Amino acid sequence: MIRLSGLRVLYGSFAAVDGLDLDIRRGELFGLLGPNGAGKSTTIRVLIGQRRPSAGSVTVGGFDVVREWAKVKPIFGYVPDRENHFEEFTGRRNLEFFGRLYGVPRRRALECLEMVELGEVADLPVRGYSLGMRKKLLLARALLHEPQVLYLDEPTANLDIHSAEVVHRILRERVKHGATIVLTTHDMDEVERICDRVGIVCRGKLVALDSPLTLKQAHTERMVDVTRPDGERVVFDLDAEAGRRALAALVTAGGVATLRTREFDFHATFLKLTGQAFE
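Going by the numbering used here, the sequence shown opens with residue -17, and the numbers climb by one from there.
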């Protein structure tokens, strides 16, 4: 559905995106991750038409984003990380205004508001909305024309647990009906819960690409920390046959007071892959 071929974006002599090759499948929820300045925001700007590629090509639904923009624009919806609502308008009027740009019926505005649980405040001015309500209004707006592609920048920032779950449910339902979704997030738990695949970019290049589960398995330390009854601490490497045998013998002999496996640490994995902390 989305194909980036040798994408390069320059700001002066600085390459924000440096030869990025990436295919995002139709009907998948894709997480685009990276440290600040990695190039993920610039990539999204190219996809939504705010930045022209310096080199390479980008297609969405088979249409080139530069040469066939008029065909690309109706295909996608976009949820920015910063809101841009009409403060004096109600939530309903905000959506009706944008809905007219896409030629959707007025009733669609209320349908989208109810979808994100804002139906009860549909006729209140947006200036009275909380940060979370404003965030959900952005999603409702992006869904107005039922786009084939959704781009979301930190979609659950400022949301409570329930509202975040509502957003996750909506995104998974959209994917179930064939939509393609690309999101950026700093919440690895969110990535594991809802993303089909993850791409990690650093310094404008793709450094890892796989499902969250596969990345987790590949970078989990298969180590076990054991405390013996006398207080001595021992570490066993489960990737080594000798380590597995020694641990089994210790457990069989009743020589274990506590035992703890080392869980997946995304920050450590991210540091390993990019050389930078995940912030």
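For each residue, glycine too, the CB sits at the ideal point set by N, CA and C. Bear in mind that the values here come from a model prediction, so they are computed numbers and not experimental data.
Burial state of D0 is buried, judged by a 10 Å Cβ sphere holding 16 or more other Cβ atoms. Within the DSSP bridge table, the entry for D207 names V217 and R242 as partners. Residue L(-14) holds the alpha-carbon nearest to the alpha-carbon of I26 among L(-14), R109, A37 and L106. Going by beta carbons, V173 and T167 fall inside the 8 Å limit. Under the 10 Å beta carbon count, P211 is surrounded by fewer than 16 other beta carbons and is classified as exposed. Under the 10 Å beta carbon count, G186 is surrounded by 16 or more other beta carbons and is classified as buried.
Only residues of its own chain outside the window of five on either side were considered, and among them D135 and E136 have a CB closer than 6 Å to the CB of D63, listed in chain order. Membership of V183 in any alpha helix (DSSP H) is not indicated; the residue belongs instead to the beta strand (DSSP E) covering R179 to C184. Beta-bridge annotation (DSSP): S(-13) is paired with S39. A straight line joining the alpha-carbon of H127 with that of V86 spans about 6 Å. Nearest in C-alpha terms to A139, of all of I176, H150 and G114, is G114.
For the pair A122 and M97, the CB atoms are nearer than the 8 Å cut-off. Here DSSP, grouped into helix, strand and coil, assigns Y84 to helix. Separation of R74 and L95 (C-alpha to C-alpha, rounded to the nearest whole angstrom) is 7 Å.
Shown here, T72 sits in a strand according to DSSP, grouped into three states.
If you compare the alpha carbons of V148, L132 and V208 with that of G160, the shortest gap goes to L132. Judged by DSSP secondary structure, K55 falls outside any beta strand (DSSP E); it is assigned neither H nor E. Within its own chain, the residues whose Cβ lies closer than 6 Å to the Cβ of V47, once the five positions on either side in sequence are excluded, are V40 and V54, listed in chain order.
For G31, the closest of R226, C184, R244 and A52 by C-alpha to C-alpha distance is A52. Within the segment 8 to 32, the runs of beta strand (DSSP E) at least 3 residues long that lie entirely inside it are, in chain order, 11 to 15.
Taking C-beta atoms as the reference points, G(-12) and A20 fail to come closer than 8 Å. Rounded to whole angstroms, the separation of the alpha carbons of P107 and E69 is 7 Å. In the three-state reduction of the DSSP assignment, A122 falls in the helix class, which pools H, G and I.
Contact between T240 and T209 holds: CB atoms are separated by about 4 Å, below the 8 Å threshold. Closest in C-alpha terms to T243, from the list L255, F218 and A235, comes F218. A straight line joining the alpha-carbon of V180 with that of R116 spans about 27 Å.
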